[in-house]
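Report on one structure; see the data block that follows.
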Ligand SMILES: Cc1ncc(COP(=O)(O)O)c(C=O)c1O
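Numbering (the working numbering), first residue to last: -12 to 389.
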């Protein structure tokens, strides 16, 4: 399914609050915080010349977030950034002076952090980021996961010293439970989605993601003409679309939001003209995108800055994982988890469909940018889906880095 953006706010300037959270200065600040992380290095940007030529496009570049901060996904940029910011702000209040990130490991800052507990609900990757941020500053993290989150993903979060809480039910149930318990215990909820009255912290999470866009613009030979980004609650899509529209202005690329057909909350919101909660259906293989209600802040940005919304099917997501794992010709091998290649799968659909191709102006001069948002964050699952021995997955991931 495909829908051009017909919202009445389409192409209007971003809300000033969102412009402040996603602009050049905000991305610079998020980037500066990153430079204080031990395991920070820019993630690779790969060109896919063979696939670009097959699809009749100029270039395709993939930013490979499988290598982000040792966590396997771009989510490493958001939750941990918000945790660090919130600790520094609290320390500033207690010490009565501004506190810079350079002081993060000072004993008086760590003493403040030690008294703070951060909570969130997660499908996997966001919780890993919050837990890592809390461990870095010496705070406590309590992470709520629903019944569908695999044991492997739970173990990957617990590794950062977080307390794990299993919640019977869906992602929404885990969000509600995290909020309930956090309110009772006076913990701070660091959510990657926003709702009325809860916008600032998810805004910080999105600000963290802008560091990736800034990094990509520095790596790309030229700014892209088209960008396809996958959506769960829409946070990363909004961070990318918002940042690009703020820094590139009239030269901004055509921006397409890609949802799984089984969890198409952004697509359905675009169709309705306002944020909607959709009914739960069958689970999708794109586990990290299984969200049924968009983030309010993300919707506010995307209703203005996205040009189109589309969905892809289960088999598209698996086909793109296989194509990236077993590339053709000179294209490099890329390890893309179940939700990682969804933006690229959207491009492959759009470029091979005459109507979408024309509507989006895709042709042999197009320079397309997509993000592999995760590596094999669940290696067993990845291996089963792409037809690889589990013990080969880590080796392939190392190879893709080269
Ligand atoms: C790997 C991956 N890709 C994409 C997304 C979608 O991000 P958002 O929920 O901000 O739309 C997520 C969310 O958890 C994710 O983990």
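Note that the Cβ used here is the ideal one computed from N, Cα and C, for glycine as well.
A check of alpha carbon separations from residue 56 across 80, 88, 43, 20 identifies 20 as the nearest. Judged by DSSP in its simplified three-state form, residue 286 adopts helix.
In this structure, residue 223 keeps its C-beta atom at 9 Å or more from the C-beta atom of residue 293. When the five nearest sequence neighbours on each side are left out, the beta carbons in the same chain lying within less than 7 Å of the beta carbon of residue 241 are those of 212, 213, 294, 347, 348, in order along the chain. Taking 8 Å as the cut-off, one finds no heavy atom of ligand 1 near enough to the beta carbon of residue 122. Boundaries of the alpha helix (DSSP H) harbouring residue 12: 11 to 21, taken from the DSSP string.
Comparing alpha carbon positions, the residue from 251, 371, 66 closest to residue 269 is 251.
Taking 9 Å as the cut-off, the Cβ atoms of residue 196 and residue 277 do not count as close.
Apart from sequence neighbours up to five positions away, the residues of its chain that approach residue 10 with a beta-carbon distance below 6 Å are 233, ordered along the chain. Going by DSSP, residue 212 is part of no beta strand (DSSP E) at all; its letter is neither H nor E.
The alpha-carbon separation between residue 2 and residue 263 amounts to approximately 20 Å. Of the candidates 76, 256, 133, 133 places its Cα closest to the Cα of residue 108. DSSP, read as helix, strand or coil, puts residue 359 in strand.
For residue 265, no alpha helix (DSSP H) run applies, since DSSP gives it neither H nor E. Residue range 252 to 259 is occupied by the alpha helix (DSSP H) that includes residue 252. If you draw a straight line from the Cα of residue 53 to the Cα of residue 62, it comes to about 10 Å. Around the CB of residue 267, fewer than 16 other CB atoms lie within 10 Å, so the residue is classed as exposed.
In the DSSP annotation of this structure, the continuous segment of the beta strand (DSSP E) that includes residue 241 starts and ends at 241 to 247. In this structure, the CA atom of residue 318 is about 52 Å from the CA atom of residue 171. At a threshold of 8 Å, residue 194 does not count as near ligand 1, since its beta carbon sits no closer than that to any of the ligand's heavy atoms. Judged by DSSP in its simplified three-state form, residue 58 adopts coil rather than helix or strand.
For the pair residue 288 and residue 344, the Cα-to-Cα distance works out to about 24 Å. A direct Cα-to-Cα measurement between residue 166 and residue 41 gives close to 48 Å. Sequence-distant Cβ neighbours of residue 86 in its own chain, meaning closer than 6 Å and more than five residues away, are 75, 78, 79.
Of the heavy atoms belonging to ligand 1, at least one sits nearer than 8 Å to the Cβ of residue 61.
For the pair of segments examined, the segment 202 to 221 was found not to touch the segment -10 to -3: the number of CB pairs separated by less than 8 Å stays below three. When the Cα atoms are used, residue 58 and residue 326 turn out to be separated by approximately 15 Å. The Cβ atoms of residue 64 and residue 48 do not sit closer than 9 Å to each other. If only complete runs of 3 or more residues are kept, the segment 286 to 372 shows the beta strand (DSSP E) at 295 to 299, 354 to 359, in order along the chain. Exposed is the label assigned to residue 238, since fewer than 16 other Cβ atoms lie within 10 Å of its Cβ. Annotation for residue 172: the continuous alpha helix (DSSP H) segment containing it runs 158 to 172.
Partner residues in the beta bridge of residue -9, as assigned by DSSP, are 295.
Nearest C-alpha to residue 149 among 162, 22, 303, 113: 113. Placement of the Cβ of residue 51 at a distance of 8 Å or more from every heavy atom of ligand 1 is found. Annotation note: the segment 113 to 142 contains no uninterrupted alpha helix (DSSP H) run of length 4 or greater.
Taking a 10 Å sphere around the C-beta of residue 261, we find fewer than 16 other C-beta atoms and assign the residue as exposed.
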